[in-house]
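A.B. asks: Sharing a structure here in structure tokens format.
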Amino acid sequence: SQQGEEDPQALSIQEGENATMNCSYKTSINNLQWYRQNSGRGLVHLILIRSNEREKHSGRLRVTLDTSKKSSSLLITASRAADTASYFCATVISGAGSYQLTFGKGTKLSVIP
Amino acid sequence: DVKVTQSSRYLVKRTGEKVFLECVQDMDHENMFWYRQDPGLGLRLIYFSYDVKMKEKGDIPEGYSVSREKKERFSLILESASTNQTSMYLCASSPLGGRSLLTDTQYFGPGTRLTVL
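Line by line, the protein sequences are chains P and S.
The opening position of the first sequence corresponds to residue 386 in this note's numbering, with each subsequent residue numbered one higher.
The opening position of the second sequence corresponds to residue 121 in this note's numbering, with each subsequent residue numbered one higher.
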């Protein structure tokens, strides 16, 4: 089963609005990463947050991490049509044998001009 | 900037053919990965490599093999293509070395959309 699960599966908003996507996971993590994928293209890394961090910012992106709830959120402020893409969270599990990112199924964001 | 390239953007093959998907990265990264992406299933790891000539199975290695003869190149091989291998294949690389350090940011290629008829 997936370690990370995004919510919602799809999100449609008007340009200028904020978009919030959530990611829940099951076991303790080393870090959590958010990626973006434009239609039919490869993934692009957006931001990494470590398990001892609670919040990170990068431009219009804000990521929070709540390890007690095993969840993370990605906020895109003042959205633009160019933000239309699928967004994936990926987790790295703590402990021995940790060797890969595990990706969720993604949230498909549509920003309507 | 890191650049990860894949040999083909689109590929159409017939059942039973041997298929090679090539991936090259130009940033001297230690780790390389092959994923497949299918609707509703997200990304699933097929194989990865953390050093030249080293390879390890991911979550769904059946029907696939890999080759890493040079640091910059990681090849995915479908020995006998089947229709259930129709998918988007994504290659990625990351800089840190060592099996225990495969936790860093990954850089993805543009993907190869393979159709097996």
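Here a beta-carbon is modelled for each residue, glycine too, at the ideal position from N, C-alpha and C.
1) Quick check on the burial criterion: 16 or more other C-beta atoms within 10 angstroms. Buried or exposed for Ile-497(P)?
2) Looking only at its own chain, which residues have a Cβ that is under 7 Å from the Cβ of Ser-464(P), when we skip the five neighbours before and after it?
3) Could you tell me the boundaries of the beta strand (DSSP E) in which Met-174(S) lies?
4) When the Cα atoms are used, what is the spatial distance from Ser-409(P) to Cys-211(S)?
5) Excluding sequence positions up to five away, which residues of its chain have a Cβ less than 7 Å from the Cβ of Leu-450(P)?
6) Are the CB atoms of Met-152(S) and Ser-169(S) nearer to each other than 7 Å?
7) For Val-139(S), name the three-state secondary structure that DSSP assigns.
8) Report the three-state DSSP secondary structure of Ala-466(P) (helix, strand or coil).
9) Quick one: does Leu-431(P) have its CB under 7 Å from some CB of chain S?
10) If you drop the 5 nearest sequence neighbours on each side, which residues of the same chain put their C-beta closer than 7 Å to that of Ile-414(P)?
11) When you compare the region 187–207 of chain S with the region 459–474 of chain P, are there three or more beta-carbon pairs, one atom per stretch, that lie closer than 8 Å?
12) Kindly list, in the order they appear in chain S, the residues whose Cβ is closer than 7 Å to that of Leu-486(P).
13) Starting from the C-beta of Gly-231(S), find all residues in its chain whose C-beta is less than 6 Å away, skip the five residues before and the five after it, and write them out in chain order.
14) Which residues in chain S have a C-beta closer than 7 Å to the C-beta of Gln-418(P)? List them in chain order.
15) When burial is assigned at 16 or more other CB atoms within 10 Å of the CB, is His-442(P) buried or exposed?
16) Using a Cβ-Cβ cut-off of 7 Å, state whether Arg-465(P) counts as contacting chain S.
17) Where does the unbroken beta strand (DSSP E) through Lys-123(S) begin, and where does it stop?
18) For the beta strand (DSSP E) containing Asp-171(S), list its first residue and its last residue.
19) Please name the residues in the region 162–196 of chain S whose beta-carbon is closer than 9 Å to at least one beta-carbon of chain P, in chain order.
C.D. replies: Short version:
1) Exposed, because fewer than 16 other Cβ atoms sit within 10 Å of the Cβ of Ile-497(P).
2) Setting aside the 5 residues that flank it on each side, Ser-464(P) is surrounded in the same chain by Ile-398, Glu-400, Gly-401, Glu-402, Asn-403, Ala-404, Val-496, each with a C-beta closer than 7 Å to its C-beta; the list follows chain order.
3) Here the beta strand (DSSP E) through Met-174(S) covers 174–177.
4) Computed Cα separation, rounded: 25 Å.
5) Counting only residues of its own chain and dropping the five nearest sequence neighbours on each side, Leu-450(P) has a CB closer than 7 Å to the CB of Leu-417, Ile-434, Glu-438, Arg-439, Ser-457.
6) Note that the C-beta distance between Met-152(S) and Ser-169(S) is below 7 Å.
7) DSSP places Val-139(S) in the strand class (E or B) of the three-state scheme.
8) Ala-466(P) falls in the helix class under three-state DSSP.
9) Using a CB distance cut-off of 7 Å, Leu-431(P) does not count as an interface residue toward chain S.
10) Contacts found: Ser-436, Thr-476, Val-477, Ile-478, Ser-479.
11) These segments do not touch.
12) Counting only Cβ-Cβ distances below 7 Å, Leu-486(P) has contacts in chain S at Gln-226, in chain order.
13) Same-chain partners within the cutoff: Met-208, Leu-210.
14) Chain-order list of chain S residues neighbouring Gln-418(P): Thr-225, by C-beta distance under 7 Å.
15) In summary, His-442(P) is exposed, with fewer than 16 beta-carbon neighbours lying within 10 Å of its beta-carbon over all protein chains present.
16) Look at Arg-465(P): its C-beta is not under 7 Å from any C-beta on chain S.
17) Under the DSSP assignment, Lys-123(S) falls outside any beta strand (DSSP E); it carries neither an H nor an E label.
18) From DSSP, the beta strand (DSSP E) with Asp-171(S) extends over 162–171.
19) Look at the region 162–196 of chain S: the residues with a C-beta under 9 Å from a C-beta of chain P are Gly-162, Leu-163, Arg-164, Leu-165, Phe-168, Tyr-170, Glu-176, Gly-178, Asp-179.
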